[in-house]
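*Asks:* Take a look at the following structure, please.
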Ligand code: IMP
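In my numbering, the protein residues as written are 96 to 466.
Here it is in structure tokens:
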């Protein structure tokens with residue numbers, strides 16, 4: 096009511112070379128009465144039932160620009176059919192705009208009464224119905240501007256919607272097969288298990304006999320992308336990679352991206368000794384530290400997504416070895432715990448670890464893509 100659906104709809108239909116259909120008029124035609132009389136004679140329940148029948152016929156009918164009253168989109172069946180057969184656009188207006196546009200119009204059966212009553216009804220209507228309208232595919236704010244302007248904004252929103260959906264669909268198709276840029280057997284098994292429920296066939300750099308990509312970046316994101324983008328480009332298959340490390344406050348964030356190289360001879364027993372010795376030398380006596388991880392997904396066309404994970408904790412006074420873990424795990428105690436990562440089960444560590452958290456975000460992205 097007052098959103099501009101008829102004036103915008105008519106011009107939009109002309110631009111799109113489609114017929115314009117006014118939902119309210121179709122109800123009046125079907126009933127042989129005005130909306131006010133339909134409501135008076137049959138009551139709201141019958142009015143809504145008639146509206147549903149008309150909307151069903153229109154939504155399943157020939158292509159058109161259909162201006163529908165908001166109430167019809169609140170009805171569950173109509174909303175379902177609209178999502179199935181139509182592209183839905185909500186012309187969203189604030190209460191003042193609606194009030195100005197509807198003042199004194201007696202044709203609207205739900206907006207009869209004095210000024211205060213009308214304002215109160217509009218307020219109620221916004222509270223009750225806007226949550227349903229927000230399910231529309233496209234939302235365009237309407238304000239006091241020329242109708243042509245609103246139509247222009249609606250058209251560009253439609254264009255943007257189709258562009259984004261096309262991209263989403265092509266990525267969804269592309270991502271049936273995924274490469275994982277890693278030679279680390281533990282990580283490979285973990286990722287394959289995580290992605291199996293999505294029907295995604297994961298192959299690792301090892302399965303494909305791909306060379307290691309050198310990590311020359313200065314940040315986790317740069318290194319992660321270096322690996323995933325190089326392999327996605329070379330193979331034409333979307334690729335994920337991760338880069339991670341331990342950042343210690345007392346060492347100004349070191350070893351950070353250099354965590355693997357920091358360990359002499361890549362021996363992490365030596366690496367942990369070196370870390371404890373450097374911390375003992377540091378003027379900063381904080382034991383705070385965190386692990387960071389950036390998982391990147393690169394498409395062969397150059398587009399990419401980043402998913403970050405972090406876990407905070409502290410560095411133990413001495414190594415706390417357990418049955419699990421690798422790298423710096425025996426020195427890292429996550430916040431809220433008094434055992435090290437090396438003393439935790441795989442499941443417990445994965446549920447809170449930097450890599451686990453980044454992967455949870457990646458999985459949420461896949462779920463949305465496959466939606
Ligand atoms: P990358 O992400 O495979 O390059 O790993 C960098 C280095 O960070 C590893 O070699 C480990 O030393 C360290 N690191 C990364 N994640 C963990 C972890 O979960 N526990 C212990 N060390 C880790």
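C-beta: ideal position from N, C-alpha, C; glycine also.
Using only the alpha-carbon positions, how far apart do residue 166 and residue 224 sit?
*Replies:* In a straight line, the C-alpha of residue 166 is about 7 Å away from that of residue 224.
*Asks:* Indicate whether at least one CB of chain C lies closer than 8 Å to the CB of residue 398.
*Replies:* Any reference to chain C falls outside this structure, which holds one protein chain only.
*Asks:* Note down the Cα distance separating residue 336 from residue 291, rounded to an integer number of angstroms.
*Replies:* In a straight line, the C-alpha of residue 336 is about 17 Å away from that of residue 291.
*Asks:* Would you kindly report the start and end of the unbroken alpha helix (DSSP H) that includes residue 368?
*Replies:* Boundaries of the alpha helix (DSSP H) around residue 368: 363 to 376.
*Asks:* Does the region 387 to 397 come close enough to the region 311 to 323 that 3 or more CB-CB pairs lie under 8 Å?
*Replies:* Yes, they touch.
*Asks:* Pairing CB atoms from the region 170 to 187 with CB atoms from the region 218 to 232, are three or more of them under 8 Å?
*Replies:* yes
*Asks:* Thinking C-beta only, is residue 313 closer than 8 Å to residue 468?
*Replies:* No information on residue 468 is available, as it lies outside the stretch 96 to 466 that the chain covers here.
*Asks:* Could you work out which residue in 150, 368 and 435 is closest to residue 420 when comparing CA atoms only?
*Replies:* 435
*Asks:* How many whole angstroms separate the CB atoms of residue 50 and residue 134, which I take to be in contact at a CB cut-off of 8 Å?
*Replies:* Outside the modelled stretch of the chain, which goes from 96 to 466, sits residue 50, for which no answer is possible.
*Asks:* Give the straight-line distance between the Cα atoms of residue 285 and residue 101, rounded to the nearest whole angstrom.
*Replies:* 55 Å
*Asks:* To test your reading of the DSSP string, which unbroken alpha helix (DSSP H) runs of 4 or more residues are found completely within the region 258 to 340?
*Replies:* 280 to 290 and 315 to 330
*Asks:* Going along the chain, which residues of its own chain have a beta-carbon closer than 6 Å to the beta-carbon of residue 276, five neighbours each way excluded?
*Replies:* 300, 322, 323, 326, 334 and 336
*Asks:* Say the cut is 7 Å; is the CB of residue 432 nearer than that to a heavy atom of the ligand IMP?
*Replies:* Not one heavy atom of the ligand IMP falls within 7 Å of the beta-carbon of residue 432.
*Asks:* On the DSSP letters alone, give me the boundaries of the beta strand (DSSP E) that residue 416 sits inside.
*Replies:* Where residue 416 is concerned, there is no enclosing beta strand (DSSP E), given that its DSSP letter is neither H nor E.
*Asks:* Take residue 126 and list the residues in its own chain whose beta-carbon comes closer than 7 Å to its own, dropping the five residues that flank it on each side.
*Replies:* 133 and 145
*Asks:* What residues are listed by DSSP as bridge partners for residue 385?
*Replies:* 342 and 407
*Asks:* Identify the continuous beta strand (DSSP E) that holds residue 115 and give its terminal residues.
*Replies:* Per DSSP, residue 115 belongs to the beta strand (DSSP E) from 115 to 117.
*Asks:* Does the distance between the C-beta of residue 279 and the nearest non-hydrogen atom of the ligand IMP fall short of 7 Å?
*Replies:* yes
*Asks:* By Cβ distance, which residues of its chain are closer than 8 Å to residue 405, with the 5 residues on each side in sequence left out?
*Replies:* 385, 386, 387, 388, 449 and 452
*Asks:* Quick one: does the C-beta of residue 355 sit closer than 7 Å to a heavy atom of the ligand IMP?
*Replies:* yes
*Asks:* What do you reckon, is the C-beta of residue 436 under 7 Å from a heavy atom of the ligand NAP?
*Replies:* Ligands in the displayed structure: the ligand IMP; the ligand NAP is not one of them.
*Asks:* Label residue 318 either buried or exposed according to how many other C-beta atoms from any shown protein chain fall within 10 Å of its C-beta, with 16 as the threshold for buried.
*Replies:* buried
*Asks:* Regarding residue 167 and the ligand IMP, is the C-beta to nearest heavy atom distance less than 7 Å?
*Replies:* no
*Asks:* Does the Cβ of residue 106 have 16 or more other Cβ atoms within 10 Å, making it buried, or fewer, making it exposed?
*Replies:* buried
*Asks:* Does the distance from the CB of residue 235 to the CB of residue 248 come in under 8 Å?
*Replies:* yes
*Asks:* What's the C-alpha gap between residue 279 and residue 245?
*Replies:* 55 Å
*Asks:* Run through the DSSP bridge pairs and tell me what residue 427 is partnered with.
*Replies:* 410
*Asks:* Helix, strand or coil for residue 395, going by three-state DSSP, please let me know.
*Replies:* DSSP places residue 395 in coil when its eight states are reduced to three.
*Asks:* Tell me the residue span of the alpha helix (DSSP H) that contains residue 224.
*Replies:* Looking at the DSSP string, the run of the alpha helix (DSSP H) that includes residue 224 is 210 to 228.
*Asks:* Beta carbon of residue 423: closer than 7 Å to some heavy atom of the ligand IMP?
*Replies:* yes
*Asks:* Let me know if residue 177 comes out buried or exposed under the rule of 16 or more other beta-carbons within 10 Å of its beta-carbon.
*Replies:* buried
*Asks:* Report yes if the C-beta distance between residue 429 and residue 367 is below 8 Å; otherwise report no.
*Replies:* No, the pair does not count as a contact, with Cβ atoms beyond the cut-off.
*Asks:* Tell me the rounded alpha-carbon separation between residue 273 and residue 161.
*Replies:* 42 Å
*Asks:* The ligand IMP heavy atoms versus the CB of residue 340: any closer than 7 Å?
*Replies:* Checking the Cβ of residue 340 against the ligand IMP gives yes.
*Asks:* Give a yes or no on whether the C-beta atoms belonging to residue 116 and residue 154 are separated by under 8 Å.
*Replies:* Going by C-beta atoms, residue 116 is not nearer than 8 Å to residue 154.
*Asks:* Looking only at C-alpha atoms, which of 181, 104, 355 and 194 sits nearest to residue 97?
*Replies:* 194
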